[in-house]
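Scroll down for the structure; my scribbles are underneath it.
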DNA sequence: TTGTAAGCGTTATCAA
DNA sequence: TTGATAACGCTTACAA
């Protein structure tokens with residue numbers, strides 16, 4: 001491997017001079033700098049990251065921990081993270097599915113971490129944070145030093161969803177939940193139920209799902225059994241709403257007519273459904289950006305806001321039938 | 326930061342003894358080993374990766390370079406890669422979208438690399454390989470030392486697709502291609518056309534697409550203009566086939582009846598279409614596994630096969646209408 | 001079985 | 001403006 005020492009030999013200078021030249025310091029004359037850079041180029045020199053990291057105690061890499069790579073969802077969010085990191089000269093390492101690379105955090109292979117993975121134990125995050133590692137979480141609240149959160153406005157979104165659903169004036173309202181250990185699901189459900197309680201005396205039914213298309217199918221069966229003809233459904237994510245669209249017609253129920261539906265997440269499929277799905281939207285890209293910015297500020301010792309919440313908004317499409325706004 | 330030295334102090338031994346104990350060497354007595362490990366645990370010691378990497382000149386990390394995180398496609402493939410790596414004690418670093426982390430390869434931050442990204446220049450791969458880095462490519466052929474390829478059986482798959490399509494006895498055959506710079510598209514198109522030439526004298530039309538749903542829409546328009554009533558279409562990927570399904574009915578053409586369709590990739594949506602999409606399948610997970618295995622063998626100096634090709638098979642569903650097999 | 005010490009490639013301090 | 005040299009945290013001959 002060609003190292004800084006080889007360049008020094010070839011250029012007839014010391015390794016420190018080479019180091020200065022490579023790091024564009026103004027402690028060397030422009031001409032020796034130029035000469036050294038040329039030689040480095042000729043020898044196809046590339047710095048050894050391990051050496052640099054060891055010395056500087058900084059890697060300029062950040063670790064991002066997600067549950068899986070599945071779904072359109074992560075794509076945009078990660079893209080937002082990656083963009084901000086790139087702009088600030090950080091590299092992104094992604095660990096998915098309980099990867100062993102979590103160890104990168106205490107081993108100082110990353111300068112900080114972003115967590116969006118409910119399988120990543122809170123206790124572990126707290127341990128790492130206590131050891132001085134900077135972490136931003138996107139899926140829970142952790143109130144210890146060195147941890148910040150950038151959260152989705154689940155409650156506000158759920159309230160928007162319920163309010164929107166009620167404009168369609170359904171005879172009864174159904175909530176289809178995510179898995180019971182999902183923080184998102186819990187928050188949406190609770191805020192939605194509270195809102196129903198405040199604003200309406202329509203009957204409410206909660207069907208337990210798990211954020212998959214399949215549980216949408218299952219929910220459709222249950223709704224058909226209810227026998228109502230004018231049901232309003234708040235599917236706590238769009239995937240389950242898609243499951244409804246798939247199954248309801250087989251049961252003689254028309255989405256948007258017999259069953260009014262509002263989803264959550266603004267999945268890319270929504271507009272393609274018939275009728276197009278009304279849903280709660282938020283900027284996935286923006287979420288990623290904000291998260292990355294927060295982490296960089298923490299790492300670089302700048303002021304950060306302790307809790308940040310991402311705004312949601314309603315996307316009105318046809319799945320509530322014809323309502324006036 | 327608590328290091329090996331702190332443990333040595335506390336245990337009243339030298340740092341080398343600690344190092345041996347931590348690396349489970351049999352050069353230390355079981356009891357001192359135990360004592361040292363306990364102290365390490367109590368101090369919450371975690372090894373500093375940079376130090377180890379620097380000394381060993383091995384990181385046990387491998388870099389994977391993909392175009393983007395989008396699509397169900399990558400999910401399974403990456404999962405296959407990740408699984409094999411985990412089993413062999415390697416960590417996975419993923420760089421997407423022309424990330425700067427390509428530099429990890431020459432900087433020896435990764436022991437090897439996997440490339441599935443047509444934006445990753447072949448010249449760069451060759452340069453890195455010449456510098457001694459081990460690389461496996463999944464989307465092209467590169468005949469230089471230190472590079473191996475694990476490729477999809479595009480040609481065999483295309484032949485299967487054409488043969489299957491011809492069993493439906495269409496009056497004319499249409500190919501919808503991917504982007505012209507896609508190696509996959511080129512190989513599928515060429516093999517498909519050659520097969521048509523050999524086995525049939527039906528007229529053939531090539532419509533240029535770009536592997537997106539949108540270009541499926543566009544192709545549907547062109548097909549409608551042809552005025553045929555019994556067209557066979559080989560969409561070079563499933564996404565474009567989905568585009569056909571979306572648009573054809575608007576033009577008065579029924580998929581599976583007026584237009585027989587065969588796709589490629591076995592997208593998860595296929596079974597949900599009406600009629601379900603006949604397509605060419607291959608194991609995405611297996612592809613990832615094979616790729617990772619190949620790379621590990623290269624890194625560990627074991628024998629490897631120069632070129633490996635992944636098998637494809639036809640998934641018969643309803644989009645060819647009623648055909649006898 | 002344990003300790004001493006060299007060295008991995010880089011950066012940074014201090015002298016020259 | 002440059003050079004000698006000591007770290008950074010760890011592994012590993014070699015010596016004891």
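Chains as they are written, first to last, in the numbering used here: chain A, 1 to 325; chain B, 326 to 650.
Glycine included, C-beta positions come from ideal geometry on N, C-alpha and C.
Computed from a prediction, not measured in an experiment: that's the story for all the values here.
Inter-residue Cα distance where the pair is residue i and residue j
i, j, result
"residue 538 of chain B", "residue 259 of chain A", "29 Å"
"residue 516 of chain B", "residue 244 of chain A", "41 Å"
"residue 54 of chain A", "residue 312 of chain A", "43 Å"
"residue 50 of chain A", "residue 595 of chain B", "47 Å"
"residue 306 of chain A", "residue 114 of chain A", "15 Å"
"residue 332 of chain B", "residue 349 of chain B", "15 Å"
"residue 52 of chain A", "residue 59 of chain A", "8 Å"
"residue 622 of chain B", "residue 387 of chain B", "13 Å"
"residue 31 of chain A", "residue 16 of chain A", "16 Å"
"residue 412 of chain B", "residue 99 of chain A", "11 Å"
"residue 581 of chain B", "residue 574 of chain B", "11 Å"
"residue 301 of chain A", "residue 40 of chain A", "34 Å"
"residue 325 of chain A", "residue 164 of chain A", "Unreliable positioning characterises residue 325 of chain A in this predicted model, as indicated by a pLDDT of 44, which lies under 50. A coordinate reading is not provided."
"residue 216 of chain A", "residue 433 of chain B", "48 Å"
"residue 646 of chain B", "residue 579 of chain B", "10 Å"
"residue 314 of chain A", "residue 278 of chain A", "7 Å"
"residue 429 of chain B", "residue 419 of chain B", "11 Å"
"residue 338 of chain B", "residue 354 of chain B", "13 Å"
"residue 459 of chain B", "residue 471 of chain B", "5 Å"
"residue 332 of chain A", "residue 137 of chain A", "Nothing can be reported for residue 332 of chain A: it is not among the residues displayed for chain A, which extend from 1 to 325."
"residue 549 of chain B", "residue 497 of chain B", "13 Å"
"residue 157 of chain A", "residue 127 of chain A", "32 Å"
CB contact below 8 Å: residue i versus chain B
i, result
"residue 22 of chain A", "no"
"residue 37 of chain A", "no"
"residue 325 of chain A", "Residue placement at residue 325 of chain A is poorly supported in this model, since its pLDDT is 44, which falls under 50; the coordinates still yield a value, given next. So, not an interface residue."
"residue 107 of chain A", "yes"
"residue 78 of chain A", "yes"
Residue nearest to residue i in terms of C-alpha spacing, selected from the options
i, options, result
"residue 308 of chain A", "A:122, A:61, A:140", "A:140"
"residue 552 of chain B", "B:560, B:564, B:565, B:577", "B:577"
"residue 610 of chain B", "B:384, B:330, B:409", "B:409"
"residue 57 of chain A", "B:623, B:373, B:598, B:559", "B:373"
"residue 559 of chain B", "B:455, B:492, B:449, B:393", "B:492"
"residue 262 of chain A", "A:288, A:19, A:231", "A:231"
"residue 64 of chain A", "A:199, A:97, A:159", "A:97"
"residue 599 of chain B", "A:293, A:246, A:299", "A:246"
"residue 383 of chain A", "A:130, A:254, A:74", "Residue 383 of chain A lies beyond the range of chain A shown here (1 to 325); nothing can be said about it."
"residue 116 of chain A", "A:133, A:158, A:183, A:176", "A:183"
"residue 369 of chain B", "B:329, B:619, B:437", "B:329"
"residue 310 of chain A", "A:299, A:291, A:317", "A:291"
"residue 293 of chain A", "A:130, A:82, A:196, A:153", "A:82"
"residue 503 of chain B", "B:401, B:451, B:589", "B:589"
"residue 221 of chain A", "A:174, A:203, A:198", "A:174"
"residue 319 of chain A", "A:9, A:203, A:161", "A:161"
Beta-bridge partners of residue i, as assigned by DSSP
i, result
"residue 64 of chain A", "A:94, A:114"
"residue 427 of chain B", "DSSP lists no partner for residue 427 of chain B."
"residue 587 of chain B", "B:559, B:603"
"residue 172 of chain A", "A:231"
"residue 633 of chain B", "B:475"
"residue 529 of chain B", "B:498"
"residue 135 of chain A", "A:113, A:147"
"residue 638 of chain B", "B:606"
"residue 255 of chain A", "A:259"
Residue-chain proximity (residue i, chain A), Cβ-Cβ < 8 Å
i, result
"residue 392 of chain B", "no"
"residue 484 of chain B", "no"
"residue 400 of chain B", "yes"
"residue 407 of chain B", "yes"
"residue 387 of chain B", "no"
### Query
Going along the region 369–384 of chain B in order, which residues come within less than 7 Å of chain A, judged by CB to CB distance?
Per Cβ criterion, the list reads 369, 371, 372, 373, 374, 375, 376, 378, 379.
### Query
Got a sec: which bits of the region 411–429 of chain B sit with their beta carbon under 9 Å from any beta carbon on chain A, in order along the chain?
Of all residues in the region 411–429 of chain B, 411, 414, 416, 417, 418, 419, 420, 421, 422, 424, 425, 426, 428, 429 have a Cβ within less than 9 Å of some Cβ in chain A.
### Task
Scan the region 115–141 of chain A for residues whose Cβ lies nearer than 7 Å to a Cβ of chain B and list them as they occur along the chain.
The residues in question are 131.
### Task
Taking a Cβ distance cut-off of 8 Å, strictly less, list which residues of the region 584–604 of chain B are near chain A, in chain order.
Against chain A - using a Cβ distance shorter than 8 Å - the residues of the region 584–604 of chain B are 597.
#### Entry: Positions along the region 223–246 of chain A whose CB lies within less than 8 Å of some CB in chain B
Listed by position, the residues of the region 223–246 of chain A near chain B (Cβ gap below 8 Å) are 246.
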